[in-house]
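The sequence shown begins at 1 in the UniProt record's numbering and counts up one residue at a time.
Note that beta-carbon positions come from the ideal geometry of N, C-alpha and C, so glycine has one too.
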Amino acid sequence: MQENIPEPLSAKNKSSFAYFTIRDRLPVILSKVADTVYRKKTFVKDIHGEDATEELKFIAGCISKLRNELQTNKPLVPLKDNGPDTEVWNLSLAELTQREGGEPKWFVSPWLYVECYMYRRIQEAIAQCTILHNLDPFEEQKKKAFTDSEEATEVLLHYLRQISEKAASASDDDKEEYLREFLQIALWGNRCDLSISASQENSQTESILDQLHHLEPNILVNDTKQVLNCLRSNVKDRAIDIVLDNAGFELVTDLCLAEVLLMCGWADCIRMHGKAMPWFVSDVTSSDFEWTLDSLFKSSRPSMAYFGELWRQRLEKKSWMFTVEDFWTIPYDFAKMKTSSSSLYERFKDSKIVFFKGDLNYRKLLGDLDWNPTTPFEVTLRGFHPAPLCALRTCKADLIAGLAAGQKETVEKYDKNWMLNGNWAVISFCGKSNQ
Ligand SMILES: O=P(O)(O)OC[C@@]1(O)O[C@H](CO)[C@@H](O)[C@@H]1O
Ligand SMILES: [Mn+2]
């Protein structure tokens, strides 16, 4: 058992981002959910009738009750729905109650737990409806994040199309350059997340290609070389996994990375993983994934339509796969996957490399613990290592690992908000798996 494991981030520390998030940001997100639900009243009544209007009132009532519980630091209570994950959620709450020697509370318990619990409670309200049980309160925001980024998307896909026409005859150096570029494009695509902006608009409006060069110095840990060596190794298994994060422009950048990995011959199959329910405002669900590909396919913009068609074929031919697993929306961090979702852990064992996108996945890799920033990335994984893995994360929470001595002090002189504003990032790799 690893010794000196740090404390979990929590709102107990009033100078933490956890405290600011739970006190200020999460209530704003909940208000926006209530407002979205309320605005659907007329539409829902016309389409689904009076019963559905009653369900909207029920959901709105649950959200305002949840907001009050959060703001008055009430105990977290067991879930009342009967979802496939309800049992494991209520088990985790009982475990937390035992560990803490009392009822878990919003401003006391681990930040990771209470923030995930809030999104699961939103789902609890919706799941109890019969007509509106598939409602996604973040749907409009995610779709707008995509449509507002269409210019940037067409520029990016036009570029991808140009290099894909050269890929067959590309040299190893060219391929290395393509990977370097598209790793960074997917990395910075992570700045477009609606949770950090507390649901305020957050789309990509300029060409990300123009920004790459000047953003490169802001990559605090850059393990691209190790990622390339891993991709070049001719391991027998040829699947690569991407654990997705946000819908909208970030998803487009992830699809581009998946295309580059395939066209450069580094994999035969790219397996992408999404969320089983609406999550952290902008995370990708099955309907988001399908809607995005459909929107590309139907676009009047040539490169978007081209890749919409090509990527549909990749899914039909199974050289691309998209699945959702409950594990990504239960409260356990990744060190617990081996025990709480052994089948998923086993599936990752045949992966050449697993890419984890975004800040929440990074927090779960590190257990959302208050590590010393110079702690080696591998140490923070605490045994989670089914395959070589790479985190592509823009910094939006106050934890980090793998920095050089003095690096934190240097960055914070330059930008006091460097851990939270998404302007700094890491490409963190951990090699050889510990099967
Ligand atoms: O995982 P993502 O989309 O990159 O970011 C998730 C996030 O917006 O939510 C949490 C704060 O509410 C932080 O982990 C981060 O700021
Ligand atoms: Mn997200």
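Please report how far the alpha carbon of Asn90 lies from the alpha carbon of Asn68, in whole angstroms. 21 Å
Bridge partners - Asp283, DSSP secondary structure assignment: Asn246, per the DSSP bridge assignment.
Going by DSSP, what residue range makes up the alpha helix (DSSP H) through Thr224? Thr224 to Arg232
C-alpha gap between Ala170 and Asp254, whole angstroms: 21 Å
Between the CA atoms of Glu412 and Phe182 - distance to the nearest angstrom: Phe182 and Glu412: Cα-Cα distance of roughly 28 Å.
Quick check on Ala391: buried or exposed, where buried means 16 or more other Cβ atoms within 10 Å of its Cβ? buried
With 16 other CB atoms within 10 Å as the buried threshold, where does Tyr178 fall? buried
Have a look at His273, Gly61 and Asp241 and flag the residue whose alpha-carbon is nearest the alpha-carbon of Lys352. Asp241
Which same chain residues, not among the five before or five after Ser92, have their C-beta less than 6 Å away from its C-beta? Pro331
When the Cα of Thr374 is compared with those of Leu403, Lys357, Trp328 and Thr97, which residue comes out closest? Leu403
Assumed close pair Val284, Phe355 - CB separation to whole angstroms, cut-off 8 Å: Going by Cβ atoms, the distance from Val284 to Phe355 rounds to 14 Å, so no, they are not a contact pair.
Simplified DSSP assignment, three categories, for Phe356: Look at Phe356 here: in three-state DSSP terms it is strand.
Among Tyr414, Trp418 and Val324, which has the Cα closest to the Cα of Pro84? Comparing Cα positions, the closest option is Val324.
Distance between Thr380 and Arg393 (C-alpha atoms, nearest Å): 15 Å
How is the alpha helix (DSSP H) around Ile122 delimited, first residue to last? Trp111 to Ala127
Within its chain, find whatever has a CB closer than 7 Å to the CB of Ala267; leave out the 5 residues flanking it on each side and keep chain order. Arg238, Ala239, Ile240, Leu261 and Lys352
Please find out if some non-hydrogen atom of ligand 2 comes closer than 8 Å to the beta-carbon of Asp283. yes
Decide yes or no for the touch test of the region 141–152 against the region 295–304: beta carbon pairs closer than 8 Å, at least 3 of them. At 8 Å Cβ cutoff, the stretches touch.
So, at 7 Å on beta carbons, what are the nonlocal neighbours of Gln435 in its own chain, with the 5 sequence-adjacent residues on each side left out? With a pLDDT of 49 at Gln435, under the threshold of 50, the modelled position of that residue is not reliable, and the figure given next carries that caveat. Hits under 7 Å: Lys349.
Would you kindly work out how many angstroms separate the C-alpha atoms of Ala405 and Val114, rounded to a whole number? So the alpha carbons of these two residues sit roughly 32 Å apart.
Residue closest to Trp418, alpha-carbon to alpha-carbon, out of Phe429, Asp35 and Cys395: Cys395
Say the cut is 8 Å; is the CB of Asn361 nearer than that to a heavy atom of ligand 1? yes
Do Leu70 and Ile22 come within 9 Å of each other at the CB atom, strictly closer than that value? Contact flag set, yes.
Contacting residues, own chain, Cβ-Cβ under 7 Å from His48 (five flanking each side not counted): Ile131
Using the three-state DSSP reduction, which class does Val379 fall into: helix, strand or coil? helix
For Met337, report the span of its alpha helix (DSSP H) as first-last. In the DSSP assignment, Met337 falls within the unbroken alpha helix (DSSP H) covering Met337 to Ser340.
Based on the DSSP secondary-structure assignment, which residues constitute the bridge partners of Gly274? Val324
Can you tell me whether DSSP reads Cys62 as helix, strand or coil? helix
If you draw a straight line from the C-alpha of Leu420 to the C-alpha of Ala397, how long is it? 5 Å
Does the distance between the C-beta of Asn421 and the nearest non-hydrogen atom of ligand 2 fall short of 8 Å? no
For Arg39 and residue 443, the rounded distance between their alpha carbons: Limits of the chain in this structure are 1 at one end and 435 at the other, which puts residue 443 out of reach.
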